[in-house]
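Asker: Its first residue numbered 0, the sequence shown is counted upward by one per residue in numbering that gives the first Met the number 0.
Mind having a look at this structure? Questions to follow.
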Amino acid sequence: MKALNLLKLTLGCLGCFWLPQPAVRAAESSKSAPLFDGIGRHHRIITTDSKWAQRYFNQGLTLCYGFNHAEAIRSFQGALKNDPDCAMAYWGIAYASGPHVNRPMTREDNDKAWFAITNALALKAQASPLEGALIDAMAVRYKAEFKEDRADLDKAFAAAMREVVKKFPDDLDAQTILAEALMDTMPWDYWLKDRSPKPETEEALAAIRLVLKRNPDHPGATHYYIHAVEAGPNPELGIPSADRLSELVMHSGHLLHMPSHIYMRVGQYEDAEIANRRAIKADRSYIQSCAAQGFYPLVYYPHNEHFLWYATYFQGRSADALAAAKKAAAIGLENYCGANKAPEAPRFRHLPWLTQARFGRWDEVLKVPQPAATNDFLIDRAMWHFTRGLAFAARKDAESAGREHSELEKIIGSTEAKALDNPIFPATGVLAVAGHWLAGKVAEARGDFASAISHLQKAVETEDALPYMEPAFWPVPSRPALGAVLLRSGKADEAEKVFRQDLQIWPRNGWSLLGLEKSLRAQGHVQLADSIQREFTASWKRADVNLDLAWF
Numbered sequence: 000m001k002a003l004n005l006l007k008l009t010l011g012c013l014g015c016f017w018l019p020q021p022a023v024r025a026a027e028s029s030k031s032a033p034l035f036d037g038i039g040r041h042h043r044i045i046t047t048d049s050k051w052a053q054r055y056f057n058q059g060l061t062l063c064y065g066f067n068h069a070e071a072i073r074s075f076q077g078a079l080k081n082d083p084d085c086a087m088a089y090w091g092i093a094y095a096s097g098p099h100v101n102r103p104m105t106r107e108d109n110d111k112a113w114f115a116i117t118n119a120l121a122l123k124a125q126a127s128p129l130e131g132a133l134i135d136a137m138a139v140r141y142k143a144e145f146k147e148d149r150a151d152l153d154k155a156f157a158a159a160m161r162e163v164v165k166k167f168p169d170d171l172d173a174q175t176i177l178a179e180a181l182m183d184t185m186p187w188d189y190w191l192k193d194r195s196p197k198p199e200t201e202e203a204l205a206a207i208r209l210v211l212k213r214n215p216d217h218p219g220a221t222h223y224y225i226h227a228v229e230a231g232p233n234p235e236l237g238i239p240s241a242d243r244l245s246e247l248v249m250h251s252g253h254l255l256h257m258p259s260h261i262y263m264r265v266g267q268y269e270d271a272e273i274a275n276r277r278a279i280k281a282d283r284s285y286i287q288s289c290a291a292q293g294f295y296p297l298v299y300y301p302h303n304e305h306f307l308w309y310a311t312y313f314q315g316r317s318a319d320a321l322a323a324a325k326k327a328a329a330i331g332l333e334n335y336c337g338a339n340k341a342p343e344a345p346r347f348r349h350l351p352w353l354t355q356a357r358f359g360r361w362d363e364v365l366k367v368p369q370p371a372a373t374n375d376f377l378i379d380r381a382m383w384h385f386t387r388g389l390a391f392a393a394r395k396d397a398e399s400a401g402r403e404h405s406e407l408e409k410i411i412g413s414t415e416a417k418a419l420d421n422p423i424f425p426a427t428g429v430l431a432v433a434g435h436w437l438a439g440k441v442a443e444a445r446g447d448f449a450s451a452i453s454h455l456q457k458a459v460e461t462e463d464a465l466p467y468m469e470p471a472f473w474p475v476p477s478r479p480a481l482g483a484v485l486l487r488s489g490k491a492d493e494a495e496k497v498f499r500q501d502l503q504i505w506p507r508n509g510w511s512l513l514g515l516e517k518s519l520r521a522q523g524h525v526q527l528a529d530s531i532q533r534e535f536t537a538s539w540k541r542a543d544v545n546l547d548l549a550w551f
């Protein structure tokens with residue numbers, strides 16, 4: 000997930016104190032933060048005489064690796080409560096206050112980080128040489144004065160961690176933090192257009208693989224490896240880490256969720272569903288019991304619900320997908336610390352109608368009331384016209400479908416739509432996919448297959464040009480729609496190629512398996528078609544609908 004404009008919605012929440020939950024122990028320590036059960040076994044010995052400071056530090060580091068940075072800071076503060084002279088506890092606060100791939104820094108973060116690293120430097124003489132090197136590297140990451148453009152500081156921190164690793168190559172946390180520092184210089188953008196790794200990606204992967212060879216259960220390395228390879232040419236390389244991470248840190252909803260980033264990319268959609276159901280359960284317990292506020296519940300919990308929709312949709316589980324879509328949409332309308340929506344709400348408020356449309360529930364689509372006529376709901380209105388257009392086109396009502404397309408195009412060309420573009424949601428690109436897709440369906444409803452194919456090819460090209468994200472910025476692949484139109488127009492051989500391309504991106508997905516089976520059968524390849532039909536039956540084994548090419 001990317002983040003930049005999330006900050007405005009979280010600034011008022013990040014300082015909120017969180018209450019202990021049932022799975023917490025802090026009886027003998029100075030009580031400033033909870034100690035969670037299910038936090039895993041990751042242990043890094045630091046310079047302290049306090050066993051409680053050590054435990055809090057271990058927990059804080061693991062929470063950092065699980066992207067719960069606010070709770071990690073509380074843990075490091077708990078370490079300081081038990082050992083006020085613990086240099087590494089201050090280092091931990093500075094580490095947790097920094098930017099990461101899902102969130103840049105705020106001025107408040109910078110102030111907190113600068114205060115912490117200044118104290119760590121003052122206490123460095125009491126630390127070990129390795130700890131001193133880590134503190135010195137962290138000091139390079141920050142300046143007293145806040146800089147919104149941190150690119151030079153992020154690169155400097157990566158370079159400093161590279162030097163730490165040269166001096167202490169056997170330190171697995173240092174290797175892991177080096178990899179993270181490198182990834183922070185290019186959030187979610189680790190692969191070139193030809194899907195070859197960037198030089199920094201190769202370096203990060205080398206560091207992570209070194210760690211995993213020595214300790215396959217390292218929570219940070221397993222997490223970051225998934226992020227590093229999921230968008231690459233071989234996401235299956237992340238399966239061992241995904242399988243391990245599902246059992247490592249049972250308290251961390253985000254780490255329980257992370258395996259699904261790999262499972263979706265390799266066609267293990269049921270496993271992706273299970274991962275997110277577990278993550279949702281863990282995060283609900285944590286958020287409710289700890290009265291958690293701020294970035295974590297604002298972003299990561301909705302992400303789990305969004306992903307659950309994604310996983311059930313790909314299994315053909317229309318009822319479960321619709322239920323998940325409604326839950327995600329409801330989150331998009333809830334209040335968070337005074338904000339009227341989750342930051343990614345435009346990505347999932349329309350999911351119920353999109354789900355209805357993808358499963359051919361046209362009557363339900365046409366009963367959806369029009370969203371509010373405000374800029375906050377501009378994407379919702381666009382997707383409302385899109386799904387209504389699909390419904391009319393499916394009923395061969397080309398005139399009504401054309402009207403919906405005209406309204407959609409007005410939104411696509413508006414200055415208001417262009418103003419919605421930001422690093423966490425490329426609005427104009429997403430809307431362009433919808434525009435081309437609906438134009439293709441309108442053309443098909445009019446009997447103009449050449450135009451329909453042309454528009455749907457543009458939809459595919461536009462979808463392919465969107466930045467990588469999970470769930471995808473355009474959440475329902477457009478290739479099956481193109482393949483279906485090619486098949487209906489008598490171009491079964493071309494349809495076969497399109498469906499095979501989609502299966503390379505989304506292995507074992509029922510939509511393209513059905514299309515591939517039909518296109519092979521249309522060409523007289525009966526044995527191949529029968530084989531693919533068996534694959535489709537296996538992939539659709541938990542579906543509650545009979546998939547219909549007319550929905551494509």
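Virtual Cβ for every residue (Gly too), placed ideally from N, Cα, C.
#1: Drop a sphere of 10 angstroms on the beta-carbon of ILE44, count the other beta-carbons inside from all chains shown, and report buried for 16 or more, exposed for fewer.
#2: Near GLN369, what residues of its chain come up, given a Cβ to Cβ distance below 8 Å and the 5 sequence neighbours on each side ignored?
#3: Which residues share a DSSP beta bridge with PRO196?
#4: Taking the alpha carbon of ALA400 as the reference point, which residue from THR414, LYS409, PHE385 has its own alpha carbon closest?
#5: Going by C-alpha to C-alpha distance, which of GLU403, THR536, ASP172, GLY509 sits closest to TRP550?
#6: Counting pairs of beta carbons, one from the stretch 307 to 317 and one from the stretch 248 to 264, are three or more of them closer than 8 Å?
#7: Taking ARG54 as the reference, give the member of GLY65, ARG533, CYS63, HIS42 with the closest Cα.
#8: According to DSSP, is HIS99 part of a helix, a strand, or is it coil?
#9: Cα-Cα, which of GLU201, ALA521, GLU398, GLY39 is closest to LEU177?
#10: If contact is defined by three or more beta carbon pairs under 8 Å, each pair taking one atom from either stretch, is the stretch 86 to 95 in contact with the stretch 274 to 287?
#11: Closest to ALA136 by CA distance: which of LYS154, PRO422, GLU144, LYS517 is it?
#12: In chain order, what residues of the same chain have a beta carbon less than 7 Å from the beta carbon of GLN552, not counting five sequence neighbours either side?
#13: Please confirm whether CYS63 and ALA52 have their CB atoms less than 7 Å apart.
#14: Enumerate in chain order the residues of its own chain whose CB-to-CB distance from ASN303 is below 7 Å, with the five nearest sequence positions on each side excluded.
#15: Terminal residues of the continuous alpha helix (DSSP H) containing TYR224?
#16: Who are the near neighbours of PHE535 in its chain, counting only those whose CB is closer than 7 Å to its CB and skipping five residues on each side?
#17: Could you tell me the alpha carbon to alpha carbon distance between GLY14 and ASP108, rounded to whole angstroms?
#18: Which residues bound the alpha helix (DSSP H) around ASN596?
#19: Report the three-state DSSP secondary structure of PHE35 (helix, strand or coil).
#20: Can you check the stretch 304 to 391 for any beta strand (DSSP E) of at least 3 residues that lies completely inside it and give the ranges in chain order?
#21: Identify, in the order they occur along the chain, each residue of the same chain with its Cβ nearer than 7 Å to the Cβ of TRP352, setting aside the five sequence neighbours on each side.
#22: Roughly how many angstroms separate the alpha carbons of ASP543 and ALA483, rounded to a whole number?
#23: Have a look at LYS496 and ASN421 and give me their C-alpha separation to the nearest angstrom.
#24: Classify ARG24: buried if its beta carbon has 16 or more other beta carbons within 10 angstroms, exposed otherwise.
#25: Under the assumption that LEU129 contacts ASP170 (Cβ atoms under 8 Å), give the Cβ distance between them as a whole number of angstroms.
#26: Taking all protein chains shown into account, decide if GLU179 is buried (16 or more other Cβ within 10 angstroms of its Cβ) or exposed.
#27: Quick check on the burial criterion: 16 or more other C-beta atoms within 10 angstroms. Buried or exposed for GLN287?
#28: For ASP167, does the three-state DSSP call read helix, strand or coil?
#29: Looking at LEU486: is its Cβ nearer than 7 Å to the Cβ of SER518?
#30: Please list, in chain order, all residues of the same chain as GLU199 whose beta carbon is under 7 Å from its beta carbon, the five residues on each side excluded.
#31: So what does DSSP say about PHE472, is it helix, strand or coil?
#32: Tell me the residue span of the alpha helix (DSSP H) that contains CYS289.
#33: May I ask which residues mark the beginning and end of the alpha helix (DSSP H) holding HIS256?
#34: Have a look at ALA323 and VAL100 and give me their C-alpha separation to the nearest angstrom.
#35: Tell me whether ILE423 is buried or exposed, calling it buried when 16 or more other Cβ atoms sit within 10 Å of its Cβ.
#36: Would you identify the three-state DSSP class for ASN421, choosing helix, strand or coil?
Answerer: The structure says:
#1: exposed
#2: ARG380, TRP383
#3: TRP190
#4: PHE385
#5: GLY509
#6: yes
#7: HIS42
#8: strand
#9: GLU201
#10: no
#11: LYS154
#12: Not covered by the structure: residue 552. The range shown for the chain is 0 to 551.
#13: no
#14: GLY252, HIS256, ASN275, ALA278, ILE279, ASP282
#15: 218 to 228
#16: GLY509, LEU512, LEU513, GLU516
#17: Summary for GLY14: the model assigns pLDDT 33, below 50, so the residue's position carries little reliability; its value from the coordinates is reported in the next sentence. Each residue's Cα considered, the two are about 10 Å apart.
#18: The structure shown has nothing for residue 596, since the chain only spans 0 to 551.
#19: strand
#20: none
#21: VAL364, VAL367, MET382, TRP383, THR386
#22: 21 Å
#23: 34 Å
#24: Bear in mind that the predicted position of ARG24 carries a pLDDT of just 46, short of 50, making it too unreliable to give a figure here.
#25: 6 Å
#26: buried
#27: exposed
#28: The residue asked about is misnamed: residue 167 is Phe in this sequence, not Asp. Correct three-state label for PHE167: coil.
#29: yes
#30: LEU181, THR184, MET185
#31: coil
#32: 268 to 289
#33: 252 to 256
#34: 26 Å
#35: buried
#36: strand
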